[in-house]
Structures are given as structure tokens and as C-alpha cells.
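**Student:** One structure coming up, written as C-alpha cells, with questions to follow.
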Amino acid sequence: MQRIGVFVCHCGTNIAGTIDVKAVAEALKNEPGVVFSTDYQYMCSQAGQDIIKNAIAEHKLTGIVVCSCSPRMHENTFRKTAAAAGLNSYMVEIANIREQCSWVHKEMPVGTEKAIILGKAAVAKVNLNAPLTPGESPVTKRALVIGGGIAGIQTALDIADAGFPVDIVETKPTIGGKMAQLDKTFPTLDCAACILTPKMVEVAQHENIRIFSYSEVSEIKGFVGNFDVTIKRRARYVKEDLCTGCGACTEKCPQKKVPNEFNLGMDNRRAIYIPFAQAVPKVATIDADYCTMLKTGKCGVCSKVCTAGAIDYQAKDEFVEEKYGAIVAATGFNPISMDKFDEYAYSQSKDVITSLEFERLTNAAGPTAGKLLRPSDGEHPHTIVFVQCVGSRCAACAEKGKEYCSKICCMYTAKHAMLTRDKYPDTDVYVFYIDVRTPGKAFDEFYRRAVEEYGVHYIKGMVGKVSPEGNKLKVQASDLIAGKQLHIDADLVVLAAAIEPDKSARPLATMLTASMDTNDFFTEAHPKLRPVESPTAGVFLSGTCQGPKDIPETVSQAGAAASKVIGLLAKDKLTGNPCVAHSDENMCNGCSTCGNVCPYGAITYEDKEFRMPDRTTKMRRIAVVNEAVCQGCGCCTVACMSGAMDLKGFMNKQIMAEVDAICK
Amino acid sequence: MKVSYFPGCTLRTKAKDLDFYARKCAEILGVELCEIKDWQCCGGVFVSAKDEVASKLSSVRALAAARDEEQPLVTVCSACHNVIKQTNSAMQNDPDFAAKANLYMSQDSNASAPYNGETEVYHYLELLRDVVGFDKIKEAVKNPLTGKKIAAYYGCMLLRPGKVMNFDDPENPTIIEDFIRALGAEPVVYPERNECCGAYVVLEDADSAKKKSSKVADSAANHGAEMIVTACPLCKYNLEKNTSVVPVVYFTELLAIALGVKEDTDAE
């Protein structure tokens, strides 16, 4: 028989406000096995933990029940408390009387009754608990960073500087991400390339970093400390080790009509190309969709002009397999499609552009060499209208936009408006907004400067319609403060498109078994206390794949993710979770049902010799669980038809005892 | 195929052409328009009195009559279509409204079973697109309108509210342009094609209505249109009354010309 102690927490008034905690402690005293029961204001505090430790010693407790908050919050705390007092950690059960009780009930009698029932269930379970000892697994001291934008770059550099090898996988031919496409950065207006490209070079030269560009992750197996990853290196038809990046091929290629994605299709590139001058790695890539040689077998100009002999039309996709201890998702964002926002005439007029296109139009390396010119006729625009929140904060248009605030648009629009007025004082610049949101160091000052020093016309209200008439864009908008309709004849309209996670994030999350929210942003383990970790062990989050962020925030988060990775890789062994599945080989008939439902591939089958009652032996197929791979989800225990499979710490009989206690 | 047909009051008075050619063209395209017996005004004149059940009852009656015939209901006037489609949506999704309407309906002398939004409602253009098919129309065209530059004018009633009408993208509709192409002509795309003609303020503020109509017609003309085509009697009336830059015709009339119906028989 167990000797059980019950500890009921007030959690200030969080629990005690709607639950009579003394009545709960009193009621549970009479449960089978309970020898001690008490309540205290904050069980998780040092004093509260001391109460538990003392009670374990004094009453020779063999198991404890803490009636408190969700086990996600403090189960670990109380397990450590028990261990410190010499009790096995897995003899601790939490009855969640806060999230699942006091927070959802208003009436004291109802809450108290339910709290007692939840406590009884936990006591019934502890009566059947057995001490468990976690196993250990080794840690592969190498990290994988998926995505080579500023987030991935910073994370990789920080991990590499700590002495651990890091691989970056980037789908594009070069690292650099969105930041490489930007012109200036707010609020200090330093040039994006000037601060980014030194970091890109550092990545390229770092002895601990390998870059897999033009590549993607195709398979992930394993678990924290021991991931097996397959990386698909797409054929770029140029040998990376031979190409010197001289660019001769990109000048001679006769296929000149390929939309240049780096300039968002506003100019053309060749079929063989280097995305931009500071690309890393600086090697050419052949676009198989446009290359005449690859499509028809007739051309070969690039091969003729390449003095390094780097062109290889026969190249095939290659697969690299590597082991990693930790994986960082840094897959970034994209502006949403403007196809469904026809009220702004994006598809009807070339002079309606997105903010990212505006960045390229003002960038010295962009299609207009940095001169702000209308895409339609190359004329200098005099009246420019910026529209904020295009698709952001749009609960009513959820089918085409996003409910959330994209966070960065207020600041970059202020930047665009200010830079336009600075460079071209003859322009009239209007910004239409719902709210201007500028919380950030030196952000509001920046916005005020745009309004006060640069004379940008900020108008609270949204644009209803943009009508291309002749060479003008007729903008109809409301000025909510003046209570008027405005009609502006604009030369250029710039849309601050909402941002969304990159499309590669969802399939990656599936491979990682990492959770995502409804907007396809990766979910963090805790929104406040564990913001850079995924709930899946060994998976970390960096940058905008977790939520909209500007560059300073992205870099901070990238560093934080790196420090978490370093903390993991610094360990030689990881303590596993002992709550794993276990098959009773005498009951198992090897039917394979459990193996088919296991999401982690933790179950294998083997033939084993059994002694029969008549002293003969017989070979029989049985299931075997790899305890290091098993995550303890319990799918197999439900699926097993012969009742052979059970989950340690959550045995079928323990669960049934809890149900019985609740239904009694 | 047989469909129930709801012409609407205006098509008996101001907009006889819209109705006349709709019927003629349907014959050629193999669709039998079965006019609903004893139909009443759709209630369109009360359209903004949202909580009034009584004004929508005539629409419910028409919908129920089509349901009893097991036929989809086809409309041709934009305003009727808007009212009937919105009423149908309310009968499907607003139990309170449906219960009240059905209670009124049960008092009718020849009351049928309670109606719960079973009928499928097509605008004549949707019938052409989804049932007949624009490619079939293209084959049936005898006098292709080759070289004609025609501007589609949608107005507001066909498109909005977008989720209820489910007719086309309210911000960038294409159905009438596709229709114009099927007849061999060249559609003119201009930004004002989905704006209001001003009909709703014409009694209160004639100047505003004139301004809105002019904006539409001028925009079409500036983009090179020789003709504006519409489905709405109110739009046609307003555009013709307030502007004279481009002629305005009903889409059924245009269809009749292309199908070779209009030369043989003229509207009464």
C-alpha cells in the first residue's frame, strides 16, 4: 500500500478564489492510501516545496499528489522537489485544479466539488504508480539551420562561434533572404546590404559552417540529440567547387527573358544567373525551366565561355544524409499575394506595386539603379499614395487576408515615405493607415520625423478603390478624422502587403512533428517563457517563421535560439522520458497494428523463441519498442487489440482507476 | 431543360426588351423558361428595410413555386436577382426569419409546404455560363460582333454582398467580359464597371446620381468603349438619363443580335 501525501495549492486567489481549498484537503484525507493532506498559498514557492519535502520525510510518503496548476506549468518543479527528498520523480501526480477547474468555474460549490473529484482521480492513479528511471541517449554535436535569411545566418554564426559545426539549408541559390532585397533599414537608415553582406561572407568563411544552397530538407527522422536528416541538393548544373563566380556565363547566355525573382519580376535575368553581386555562395545556377540547352539540347554557350569548366548539363539532384543534435527552423516569410485585392488595381496597373517592389525600385542594385521611376512609363512620380494594412488586421476578409497585424509595415512605410520626400522634395506623399503602431526603440521618433520634418501626409482611413484612368491612378479614400471622402490623382500606389509564413513551413512542420498555429506560424513551447523553442524537443525557432518580426527582433531571437541549441549540444548525454510504451511479449501476437500507427517509427518486430507448456519451443513474432525513439504518445496502446501494449506512467489500469474515481 | 422564370415588374414596363430577348434567346439555346404563375413584385423597392418579413414574402412565394416544380429559378433583372438571392439565403441561414416567413406563407389560400431555401437561384448570366456554357453560345452565334468594343457594366446588385450573391469576384468580375468574348466582341475593362450608378439616391439627390452615372459612362468611353452592356434596368435608366457618351443596351439584346434573333422579331 502506498503512503500518499496530498498538497492543495491556493495559487493566491487563482484557485482559492473559486475553490474551497481547505475542504479539498480535508476531503482527500479520507481517500485510500492518503496519510497526509494539507493546503498552502503557493506550493511552487520555496516554502511550499519545503512543506512537501518535510512531509515526505516525516510521514515516509511513497507518493504525492499536488492539486495545483496544469502539469505543463509545474510538474517538473514538483518532480524535482520529490527527487530532492529522495522520492522517485514519477511518484508525483498533478491534479489540475486551476486551468481545468478554478479558471473555468464561477461558483465555489461547483468548483470545490470538481476539484475534489480531480484530486481523487490523481490519488487513485498514484496508488498504482511505480518508480520509473529515465534512460540516456547520446547527443550528436552538430546543428541544422533550415533557412538562410538573416535569422538563419545569425543563428548559424552564434552556434558556430561556440565551436559546434552547423549546416545551413537554403532553397534559393544564395543565402541572404529578404533582407538582401531591402534598400535601407529602419530606424537608423543604414543600408541593408552594408550590414548583411559582411555576415554572409562570415558564414561562407566560417570553418564550422557548411552551406547547402539551392537545397531543401526532404526527410527528418529521429529525435532530440539524434536527428537523421536527408538533404536534397537540387541540380544547379554548375559545379560549385569549380565555379569562380566570374559571371561570364550570365552575360553571354542567349536566353534573356527570364523574370528576375530577386527584383520581383520587374526586370529580366538570363537562364544562367547569379542572383545578385554579393551572393553567397557566389556561383552560377542554371534555371532548368528556361535553359535552351536543357530543354532542347541545342545551345551550350555557357559551357563554351566558362574557363573553369564548371558547367555540367548532366547534373542530377543529389541527396546528402547527415546526423544532427538540434534543428532550427528559420524559414521566414513572404508578402501575401495581391491577386484577390483588386480594389487596389494591382493586377490592372503596373504602377500599383507592393512595398517590397518599392524597395527594389529604390535600391541602387535594383531594376532602375535606385531611381524612383514608374514601372509603366519610366516617368518620375509626383504624387505617391501608400496604403497600409493591405490584408493585415482583416478579420472580415479572412479568405484573402490575415487577421493579425504584420507588425513591420508601419515602420517600413514611414521609411519609404521619408526617404521619398528626402530624395525627391517635389513629391506629395500620402500614407493611409488604420493605426500607426510604432512600439520599439527609436521607432515613434522615426515616424514623427516623417510627419513633422519631411511633411508626409498621414491620413487615418483606408483606400476604397484605385482606378487607373489614363496615366493616373485615381485613388478614392476616406479621411476618418475630417469625415470626408478624398480623391487623389496619384502617379504611384504602394501597397503594404501583409506577410505570411513561407509555404515551405507547413511541410517542414509535418516532418519535424512541430506544431503550428492556424496561420502556419510555428508555435513556441510557451508564449512568454519559452519563446524560441518548439514544443517538439530539439527543434528551435528563429525569426519570422514564429511570427511577424522586424530585423532587430529577428536577430535577437536568432541569438536566443542559438544559445538554446548550444545549451543542448554542450551536453554529452540527454536524459530521456521514461514514460514510453512497452509491449508484454507474452500477450503480443505480432499483428503489426502498433507499428502502423506509431508516428515516430519507434516500433519494430522480431522473432523470438518461446518455451511452450509442453516443453517444446516455438518462434513467434513480437513487437519491440525503441525507448529512445518512443515519445510516449500512447497511440499504440489504444490500437493494440490483444492488450499487450502499455505506456509506462500511464498504464491502462492507472487510467481506468482514474476514470473509476471520477465516476464513483 | 426547363427552368422556372421570374421576370419582375420592370420587365413588364420599362425594360420590356430585357425580358423579350431573354425569352427569344432561351428558345434558341434550348432552355424552356416557365414563367411562374401569378408572380408578384420581388419586393425590391423595400430592399433596405432589412427586418421586414412581409416585403420579402413575394420572393419566398416565387422560390417555393420553383421548388414545387423541382426547377431552378432564373431571374434576369439585377435588382430582382439580388432580392431573391438574399431572401433565399435568409431562408437557409436565418431560422428566425424563415419561421416568420413560413408562418405568413401558411396563411396563403393555396399554401404549399414550408420553404427552407431548397431552390437554386440563377441569374440569366449564370445560366448562360454554368448551365448552357459560353462555349456553346460561341457555337450558336450567327452574327459575331467582331471588332466591337463593348464595356461590361455590373453595377452593385449582381455582385454584392459577395458572399451571398456568390456571382463573381466583386472587385474583379469577369463573367460579362467572358460573355462579350463569346459573342465575338472585345470587352473593354475599365475601373468603374463595378461601381454604383447612383440609382438609390436619384430621388433624394439627383446631382449625386448624375455624378456617379457620368463617372461610369466617361470611364467606359475613355477606355474606348462603343457600347455599354448591362443586366439592370435601373442602371440602364440612370446611365441613359444622365449621360449620352455611349449607348447602353441590355445583355439579352446583345445576345439576340449575335444569335440572329433581333433582325427577325422586334420587341413590341
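One line per chain: the protein sequences are A and B, in this order. Each residue of the first sequence is one higher than the one before, starting from 1 at the first, in our numbering. Each residue of the second sequence is one higher than the one before, starting from 665 at the first, in our numbering. Ideal Cβ placement from N, Cα and C applies to all residues, glycine included. A quick note: this is a predicted structure, and the numbers were derived from the prediction, not measured.
(1) Determine the direct distance from the alpha carbon of B:A754 to that of A:A271, and round the result to whole angstroms.
(2) Would you list, in sequence order, the uninterrupted beta strand (DSSP E) runs of no fewer than 3 residues that lie entirely inside the stretch 794-834 of chain B?
(3) Closer than 8 angstroms, CB to CB, is B:E856 near chain A or not?
(4) What does the alpha-carbon distance come out to for the pair A:G391 and A:G401?
(5) Provide the residue span of the beta strand (DSSP E) that contains A:M511, from first to last.
(6) Hey, does A:D479 have any beta-carbon neighbour from chain B nearer than 8 angstroms?
(7) Counting Cβ pairs closer than 8 angstroms, one from the stretch 523-542 of chain A and one from the stretch 197-216 of chain A, do we hit at least three?
(8) Can you grab the Cα-Cα spacing for the pair A:G576 / A:N88, in whole Å?
(9) Do A:P548 and A:I434 have their C-beta atoms closer together than 8 angstroms?
(10) Would B:P851 be called buried (16 or more neighbouring beta carbons within 10 Å of its own) or exposed?
(11) Excluding the 5 residues preceding and the 5 following B:M665 in the sequence, name in chain order all residues of the same chain whose CB lies nearer than 8 angstroms to its CB.
(12) Threshold first: 3 residues or longer. Then list the beta strand (DSSP E) segments lying entirely within the stretch 298-346 of chain A, N to C.
(13) Which of the residues in the stretch 341-353 of chain A, read from start to end, lie with their CB under 8 angstroms from any CB of chain B?
(14) Drop a sphere of 10 angstroms on the beta-carbon of A:M670, count the other beta-carbons inside from all chains shown, and report buried for 16 or more, exposed for fewer.
(15) Short check: CB of A:D352 to CB of A:V466, under 8 angstroms?
(16) Counting only beta-carbon separations shorter than 8 angstroms, does A:S682 have a partner in chain B?
(17) Here's the rule: buried if 16 or more other CB atoms are within 10 angstroms of the residue's CB, otherwise exposed. What is A:V104?
(18) Please name the residue in A:R79, A:N96, A:A414 and A:G12 whose C-alpha comes closest to that of A:A442.
(19) Residues of chain A with a CB under 9 angstroms from the CB of B:N902: which are they?
(20) Just mark B:V909 as buried or exposed, buried being the case when its beta carbon has 16 or more other beta carbons within 10 Å.
(21) Quick one: what does DSSP say A:V629 is sitting in, helix, strand or coil?
(22) How close, in whole Å, do the beta carbons of A:E31 and A:K120 come, if the pair is a contact with beta carbons under 8 angstroms?
(23) Beta-carbon within less than 6 angstroms of B:F915's beta-carbon, same chain only, minus the 5 sequence neighbours each way: which residues are those?
(24) Output yes or no for whether 8 angstroms exceeds the beta carbon distance between A:L242 and A:A330.
(25) One question on the structure: do A:A55 and A:F36 come within less than 8 angstroms of each other, judged by their Cβ atoms?
(26) Among A:M200, A:G370 and A:A562, which one has its Cα closest to the Cα of A:K282?
(27) Considering only residues of the same chain and omitting the five flanking positions on each side of A:S642, which have a CB-CB separation below 6 angstroms?
(28) Which two residues bound the contiguous beta strand (DSSP E) that contains A:Q388?
(29) Which partner residues does A:K465 have in the DSSP bridge list?
(30) Unbroken beta strand (DSSP E) runs of length 3 or more, entirely within the stretch 517-584 of chain A: which are they?
(31) Provide the residue span of the beta strand (DSSP E) that contains A:D428, from first to last.
(32) Taking its Cβ as the centre, do 16 or more other Cβ atoms sit within 10 Å of A:Q154, making it buried, or is it exposed?
(33) If we count the other Cβ atoms within 10 Å of its Cβ and call it buried at 16 or more, is B:E932 buried or exposed?
(34) Counting only the same chain and skipping the five closest in sequence on each side, list residues whose C-beta sits under 6 angstroms from that of A:S102.
(35) Would you kindly work out how many angstroms separate the C-alpha atoms of A:I488 and A:V494, rounded to a whole number?
(36) List the residues of chain A whose Cβ lies closer than 8 angstroms to the Cβ of B:S883, in chain order.
**Tutor:** Inspection of the coordinates gives the following:
(1) 56 angstroms
(2) 813-817
(3) yes
(4) 4 angstroms
(5) Here A:M511 belongs to no beta strand (DSSP E); instead the alpha helix (DSSP H) covers A505 to L512.
(6) no
(7) no
(8) 15 angstroms
(9) no
(10) buried
(11) G694, V695, E696 and V795
(12) 318-324, 326-329 and 333-335
(13) F341, D342, E343, A345, S347 and Q348
(14) Given a span of 1 to 664 for chain A in the structure shown, any question on residue 670 of chain A remains unanswerable.
(15) The identity of residue 352 of chain A in the sequence shown is Val, whereas the question assumes Asp. Yes, the pair counts as a contact, with Cβ atoms nearer than the cut-off.
(16) Residue 682 of chain A lies beyond the residue range present for chain A, which begins at 1 and ends at 664; the question has no answer from this structure.
(17) exposed
(18) A:A414
(19) In chain order: nothing, as chain A lies at least about 19 angstroms away.
(20) exposed
(21) coil
(22) 6 angstroms
(23) V893 and A895
(24) no
(25) yes
(26) A:M200
(27) M587 and N589
(28) T383 to V390
(29) A:Q476
(30) 539-541, 573-575 and 581-583
(31) D428 to Y433
(32) buried
(33) The predicted model places B:E932 with a pLDDT of 38, which falls under 50 and marks its position as unreliable, so this point remains unresolved.
(34) I15, T18, I19 and G111
(35) 14 angstroms
(36) S467 and E469
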